Amino acid sequence: MRLSTAVTFALIALLATSTLGAVAAVPSAHVSASEMEPATTAPSQSSLETAVDPHSVPSIDSAGVHPTLSDNRTSLAPADPAQVIRIQVEDDGDAHWSIESRFLLIDQADNETFDSWAETVVTGQRSVGYDSQSFATELEAAQDATGREMAIVDAGWDAPRTEPLNPETDAFPDSVDPENETVAVAVVSYSFTWENFATAEDERVYFGDAFESPDGTWFPTLSSDQRLVIESPENYALETPTHLVWDGPHHFEQGELEIVFVSGPVGPSGFDWYLAGALAVLTLVVLVYAGYRLSLAVFDDESDTDTSAVADDLSRSKATESTASSADSSGVELQHDDEDDVDPELLSDEERVHRLLKQNGGRMKQASIVTETGWSNAKVSQLLSKMDEDGEIEKLRIGRENLITLPDVDPVQTD
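When you line the sequence shown up against our numbering, it's residues 29 to 443, in that order.
Next comes the structure, spelled out in structure tokens:
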């Protein structure tokens with residue numbers, strides 16, 4: 029089996045009871061207490077009455093292969109999303125993983141069914157195939173890709189819990205009337221700590237390289253009923269704005285999960301930072317436009333009263349500029365052309381950054397450098413930190429963005 033298939037099952041394989049019958053790895057159908065045997069119509073599902081090796085079971089087919097069970101108030105329906113994979117990044121580089129299975133509880137019978145079933149799971153009376161070795165293959169691949177020693181510790185089931193249905197993050201089922209029924213979400217989760225999953229260095233945490241393997245990423249996709257949530261270390265902010273929540277179905281592009289966290293104050297939410305930045309830019313645009321209109325009005329007044337004087341001044345100015353341009357234009361143009369003719373692949377990383385800065389007036393946002401070079405966020409962040417220490421550039425923190433300038437450029441100067 030390929031590695032991506034293995035980890036897909038390891039992340040999505042979840043739970044059923046003898047009273048609930050066979051359930052897909054991620055709950056995706058009603059589960060009736062009257063179904064005592066696994067359904068024969070779902071060959072891709074494994075009965076959780078038997079210990080399951082997550083690396084030997086095929087991926088679950090979500091296109092209608094799950095059994096249809098009786099739709100009554102003694103059954104458990106999956107929440108939406110049915111599974112949340114939550115990764116809490118720590119400031120020392122460790123990552124706390126929690127794989128949550130989520131069910132809808134509509135009435136008291138559902139509560140009793142879930143409580144009884146979840147108790148047998150978390151106390152070890154029912155084997156569902158999760159143990160500390162479930163991610164051994166992925167751990168080995170991550171160690172080979174990063175060169176770091178890693179370990180998975182403190183693995184086990186968390187206490188079952190219930191929480192209100194959140195209309196902002198959860199989909200409300202069409203079959204349930206919110207005015208007549210109080211719906212809750214039941215959660216049972218398997219968690220562990222993955223040591224050295226990220227790298228902590230110079231008040232930054234570099235996250236994401238551990239998802240790589242010699243054959244590419246071992247975490248390529250999310251299914252339609254999955255959600256991935258990455259939580260930043262306490263008192264850390266994003267160095268380069270990016271997503272921290274992904275809903276399936278989703279295919280991860282190369283380097284998409286590479287994230288750099290930087291120590292510093294964190295605002296109430298990413299949305300507030302973006303809104304504040306947008307308002308600041310809008311205010312600046314309005315001020316510049318107002319100044320431009322005012323200068324036009326003053327110029328028109330002066331031209332009406334003294335047109336000939338202005339014309340003479342303009343003529344003299346153009347003559348002077350023409351003379352100066354004739355004297356040095358050839359050298360300047362040749363120098364610019366020479367720079368443009370250089371193949372970027374022949375330049376060092378530092379030289380490419382210097383060249384980009386010179387082409388953009390000596391100032392660029394760090395995110396723009398990432399876009400222009402096509403490098404990962406982590407590579408750009410590490411390179412710029414080194415260049416800043418060596419005095420080759422200067423970094424100015426503005427909100428959640430880094431402004432990169434050449435040493436002789438005033439970062440607050442406007443053209």
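Even for Gly, the Cβ is constructed at its ideal location relative to N, Cα and C. Here the structure is a predicted model, which means the values were calculated and not measured.
Here's the rule I'm using: 16 or more other beta-carbon atoms within 10 Å means buried, otherwise exposed. How should residue i be labelled?
i           : result
residue 376 : exposed
residue 406 : buried
residue 282 : exposed
residue 242 : exposed
residue 53  : In this prediction, residue 53 scores a pLDDT of 38, lower than 50, which makes its location untrustworthy; the coordinate-derived value is nonetheless stated afterwards. By the 10 Å Cβ count, residue 53 comes out buried.
residue 111 : buried
residue 430 : buried
residue 108 : buried
residue 394 : buried
residue 317 : exposed
residue 164 : exposed
residue 166 : buried
residue 179 : exposed
residue 404 : buried
residue 240 : buried
residue 292 : exposed
residue 189 : exposed
residue 120 : exposed
residue 424 : exposed
residue 160 : exposed
residue 313 : exposed
residue 196 : exposed
residue 372 : exposed
residue 381 : buried
residue 267 : buried
With DSSP collapsed to three states, give me the class of residue i.
i           : result
residue 430 : strand
residue 396 : helix
residue 319 : helix
residue 130 : strand
residue 422 : strand
residue 312 : helix
residue 220 : strand
residue 250 : strand
residue 266 : strand
residue 229 : strand
residue 81  : In this prediction, residue 81 scores a pLDDT of 31, lower than 50, which makes its location untrustworthy; the coordinate-derived value is nonetheless stated afterwards. Residue state, collapsed to three classes: coil.
residue 239 : helix
residue 187 : coil
residue 172 : helix
residue 358 : Its pLDDT being 44, under 50, residue 358 is placed unreliably by the model, and the measurement read from it follows with that caveat. Three-state DSSP puts residue 358 in a helix.
residue 276 : coil
Name the two residues that bound the continuous alpha helix (DSSP H) containing residue i.
i           : result
residue 148 : 136-150
residue 385 : 377-387
residue 411 : 405-417
Could you give the residue range of the beta strand (DSSP E) that holds residue i?
i           : result
residue 254 : 254-259
residue 291 : 287-291
residue 116 : 105-117
residue 193 : Looking at the DSSP string, residue 193 is not in any beta strand (DSSP E), and its letter there is neither H nor E.
Excluding the 5 residues preceding and the 5 following residue i in the sequence, name in chain order all residues of the same chain whose CB lies nearer than 8 Å to its CB.
i           : result
residue 186 : 126, 150, 216, 217, 218 and 219
residue 171 : 177 and 178
residue 390 : 433, 434, 436 and 437
For residue i, which residues in the same chain have their Cβ closer than 7 Å to its Cβ, ignoring the five residues on either side in sequence?
i           : result
residue 199 : 108
residue 234 : 226, 227, 288 and 406
Which residues in the same chain as residue i place their Cβ atom closer than 6 Å to its Cβ, once the five residues preceding and following it in sequence are excluded?
i           : result
residue 176 : 224
residue 275 : 255
residue 416 : 423
residue 249 : 279
residue 411 : 377
residue 286 : 236, 404, 405 and 406
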